[in-house]
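Input: a single structure, listed below in structure tokens.
As structure tokens, then:
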């Protein structure tokens with residue numbers, strides 16, 4: 001999609017749906033935060049940084065929620081899905097540090113399309129896989145209970161929840 005002044009380069013699309021309502025709502029919020037940061041590019045740091053910080057704060061909680069679900073489902077703590085979360089958060093924090101401390105004011109704008117591309121792949125693979133597994137075992141996101149728990153495995157799942165890793 002090419003961006004025009006009226007059309008942001010970053011936008012929600014239904015290919016991001018996982019069919020897990022709480023996850024999909026959080027993903028829509030994530031994309032909206034990306035749009036808000038994108039709309040502040042070229043503006044002063046008093047406009048840009050609060051929006052960027054809101055994106056980071058949302059992303060911290062977004063990833064923490066998915067990580068809690070994976071822990072409740074028996075995923076290994078260092079599974080590749082959670083490791084992606086850790087890596088992305090480190091990049092988000094480092095980009096902010098470089099923007100503020102080193103004056104690299106172009107980094108946020110360069111990050112956004114890359115972050116959106118990563119997110120599209122992540123949502124369609126890792127998150128969709130997690131959502132499918134949650135549905136398969138009847139996982140209740142409120143209580144953490146499973147209606148159809150899997151047979152106990154000897155080792156926790158180190159994968160990302162999809163067949164792609």
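In UniProt numbering, the protein residues as written are 1 to 165.
We treat Cβ as the ideally placed atom computed from N, Cα and C, and that holds for glycine.
All of these numbers come straight from a predicted model, not from anything done at the bench.
Check, Outcome
"Report the residue from 40, 142, 121 and 137 whose alpha carbon sits nearest the alpha carbon of residue 149.", "137"
"How should residue 129 be labelled, buried or exposed, when 16 other C-beta atoms within 10 angstroms of its C-beta is the threshold for buried?", "buried"
"Over what stretch of residues does the alpha helix (DSSP H) that includes residue 96 continue unbroken?", "80–102"
"Excluding the five sequence neighbours on either side, which residues of its own chain have a C-beta within less than 6 Å of the C-beta of residue 152, listed in chain order?", "none"
"Who are the Cβ neighbours of residue 5 in its own chain at under 7 Å, not counting the five residues just before and after it?", "Confidence is the limiting factor: at residue 5 the pLDDT is only 44, short of 50, which leaves the residue's position unreliable and the question unanswerable from this model."
"Mind the definition here: the region 37–50 touches the region 102–110 only if three or more C-beta pairs lie below 8 Å; say whether that holds.", "yes"
"Among the residues of its own chain, which have a CB less than 6 Å from the CB of residue 50, if the five just before and after it don't count?", "none"
"Does the pairing of the region 26–43 with the region 75–87 give three or more beta-carbon distances under 8 Å?", "no"
"Could you tell me whether the region 10–18 touches the region 50–68, using the rule of 3 or more Cβ pairs below 8 Å?", "no"
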